[in-house]
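Novice: When you line the sequence shown up against this note's numbering, it's residues 975 to 1259, in that order. Note that CB positions come from ideal geometry on N, CA and C, so glycine has one too.
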Amino acid sequence: AARLSGTGCPRPYNPTLSKKQFRSREIERAMGRALDREEFEVWYQPQHRLSDLALIGSESLLRWKSGTLGQIFPDEFIEIAESTGFINELGAWVLERSVRDTQSLPTPLSVAVNVSGLQMMGNGFVDDLSRVLHDTGFAPSRLCLELTETVLFDGTEDLVEKMRDIQFRGVSWALDDFGTGYSSLGYLSRLPIDKLKVDKSFTLSLGSDPAAEPILTAVGDLCRGLGMTLLCEGVETQEHLDFLREHHFAEAQGYFFGKPMPYPDFHAYAEREKAKTAGVAGSAP
Ligand code: C2E
Ligand code: MG
Ligand code: MG
Ligand code: MG
């Protein structure tokens, strides 16, 4: 069988494939056609400022409803898209979709787009980004790119250079899922990071794990000291919100405000938020 599997040849039937491998192959195959079939959608989850609870932007989150396999979540398919290189094409599509959708909202909100490490390493990334910004005229200051810690861990100079280049153009960087990777606090000062997104597991264990409070408070101090913005993920309850506001956290995202939603729903959400703000301004003496 080994002789048959040279590059370019279809992979031969292999009776020893595990269930997981079999599923990956199925996903791999379906993914190739999914962009053309318009099976991917970008959903949006609101992000709010905590001082006045204003809506400031959203995070774009990819959704895939495969015609053959049904709904598949990014935690399963992103890894596979990375392994085949499809992530480059998919990532460029998500970026453009996110920017164009955000431009059509009733107020000038920001958008945070997840970028995979492999996508960053690819040659086309900076070009794709420049093209989207150029073609749309979207203000770079309204775009934030999210990277996870694991990517930065093997933070080669090459990657850091690219991040600086992109930041120089006015786009900001957020470190996603902070606190779950192989944290070396040293890199925080060396990398061009503007925002820390504290992983939802910390927020969600407030009230049940006595370590959650001191950890969150310390991360808050760390951020202030480094001049970074702090955003808490996984804000689900009023109690979570009260704690974060009491401790002067900057921003939050989570089911308390809204779950990720299709674009039309987010557009309506932004309309409602705009009306609220206008109401406040209108009632001022
Ligand atoms: P992430 O960037 O950390 O996204 C946050 C995840 O937490 C989302 O899961 C979101 O639905 C979920 N979440 C948000 N608020 C709450 C909450 O209050 N409670 C709970 N329990 N969960 C909450 P989702 O959409 O399944 O995405 C999973 C991961 O897939 C993302 O984690 C991100 O790393 C990746 N991903 C999603 N879209 C893209 C994309 O376009 N490109 C790349 N490279 N990765 C993506
Ligand atoms: Mg993210
Ligand atoms: Mg996250
Ligand atoms: Mg995550």
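Closest to residue 1016 by C-alpha separation, out of 999, 1182 and 1088, would be which residue?
Specialist: 1088
Novice: Can you say whether residue 1242 is buried or exposed, counting buried as having 16 or more other CB atoms within 10 angstroms of its CB?
Specialist: exposed
Novice: Would the beta-carbon of residue 1114 fall within 8 Å of that of residue 1071?
Specialist: no
Novice: Along the chain, where does the alpha helix (DSSP H) containing residue 1172 start, and where does it finish?
Specialist: Segment 1169–1172 is the beta strand (DSSP E) holding residue 1172; no alpha helix (DSSP H) there.
Novice: By the three-class DSSP mapping on this structure, what secondary structure does residue 1065 have?
Specialist: helix
Novice: Can the beta-carbon of residue 1231 be found closer than 8 Å to that of residue 1020?
Specialist: A contact, by the Cβ cut-off of 8 Å.
Novice: Considering only C-alpha positions, which residue in the set 1236, 1027, 1092 and 1095 is nearest to residue 1251?
Specialist: 1027
Novice: Any heavy atom of ligand 1 closer than 7 Å to the beta-carbon of residue 1047?
Specialist: yes
Novice: How many angstroms separate the CA atom of residue 1253 from the CA atom of residue 1201?
Specialist: 33 Å
Novice: Which residues have their C-beta within less than 7 Å of a heavy atom of ligand 5, listed in chain order?
Specialist: With respect to small molecules bound, the structure shown includes ligand 1, ligand 2, ligand 3 and ligand 4 and not ligand 5.
Novice: Do residue 1151 and residue 1122 have their CB atoms nearer than 8 Å?
Specialist: yes
Novice: Just to confirm, is the Cβ distance from residue 1194 to residue 1205 under 8 Å?
Specialist: Cβ distance not < 8 Å, so residue 1194 and residue 1205 don't count as in contact.
Novice: Tell me where the beta strand (DSSP E) around residue 1122 begins and ends.
Specialist: Where residue 1122 is concerned, the enclosing beta strand (DSSP E) stretches over 1117–1122.
Novice: Out of 1007, 1002, 1025 and 1010, state which residue places its alpha-carbon closest to the alpha-carbon of residue 1222.
Specialist: 1025
Novice: Counting C-beta neighbours from all protein chains within 10 Å, is the total for residue 995 16 or more, i.e. buried, or is it exposed?
Specialist: exposed
Novice: Suppose the cutoff is 6 Å on Cβ atoms and the five residues either side in sequence are ignored; what does the same chain contact list for residue 1043 look like?
Specialist: 1004
Novice: How many angstroms separate the CA atom of residue 1049 from the CA atom of residue 1041?
Specialist: 19 Å
Novice: Quick check: is any heavy atom of ligand 3 less than 7 Å from the C-beta of residue 1173?
Specialist: yes
Novice: Please confirm if residue 1082 has its CB atom under 8 Å from at least one CB of chain B.
Specialist: Of the chains in the structure shown, none is chain B; there is only one protein chain.
Novice: Does ligand 3 have a heavy atom nearer than 7 Å to the CB of residue 1207?
Specialist: yes
Novice: Would residue 1178 and residue 1167 be called neighbours here (beta carbons separated by less than 8 Å)?
Specialist: no
Novice: Cutting at 8 Å between CB atoms, please list the residues of its own chain near residue 1172, excluding the five before and the five after it.
Specialist: 1152, 1153, 1190, 1193, 1204, 1205, 1206 and 1207
Novice: Any chance the CB of residue 1035 is under 7 Å from a heavy atom of ligand 1?
Specialist: yes
Novice: Measuring only the C-alpha atoms, how far is residue 1161 from residue 1249?
Specialist: Separation of residue 1161 and residue 1249 (C-alpha to C-alpha, rounded to the nearest whole angstrom) is 42 Å.
Novice: When you measure from the CB of residue 1073 to every non-hydrogen atom of ligand 1, does any distance come out below 7 Å?
Specialist: no
Novice: Within a Cβ cutoff of 7 Å, which residues of the same chain sit near residue 1186, ignoring the five residues on either side of it in sequence?
Specialist: 1176, 1179 and 1180
Novice: Ignoring anything shorter than 3 residues, give me the beta strand (DSSP E) runs that lie fully in the stretch 998–1053, in order along the chain.
Specialist: Every beta strand (DSSP E) stretch that sits fully inside the stretch 998–1053 and reaches 3 residues is listed by chain position as 1014–1023, 1029–1040 and 1044–1046.
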